[in-house]
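Asks: Encoded as structure tokens, here's the structure I'll be asking about.
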């Protein structure tokens, strides 16, 4: 998201210094909250496997799903 902030400062500096939410949606997916040109929150957790579901990753998985699968199988 550093590149996005850099470009936003060039194209719309008044927006870049405010509150911005950026979404990357491709074969991977993530979102980032930016305030004053700095990242303050991201959908990525401990690793890039956490967060939003993606084409090749499950994203955040509720631990209850594992227990449900154990009980059902």
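Residue numbers (my numbering): 4 to 76. We treat Cβ as the ideally placed atom computed from N, Cα and C, and that holds for glycine.
1. Go to residue 44, then tell me how far its beta strand (DSSP E) extends in each direction, as first and last residue.
2. Classify residue 19 as helix, strand or coil using the three-state DSSP reduction.
3. Could you have a look at residue 14 and say whether DSSP puts it in helix, strand or coil?
4. Within 10 angstroms of the Cβ of residue 69, are there 16 or more other Cβ atoms? Answer buried if so, exposed if not.
5. Leaving aside the five residues before and after residue 30 along the sequence, list all residues of the same chain whose C-beta is less than 6 Å from its C-beta, in chain order.
6. Can you tell me whether residue 8 is buried or exposed, with buried defined as 16 or more other CB within 10 angstroms of its CB?
7. Look at the Cβ atom of residue 35, then the Cβ atom of residue 4, and state whether they are nearer than 8 Å.
Replies: From the atom records:
1. 41-45
2. helix
3. helix
4. exposed
5. 58
6. buried
7. yes
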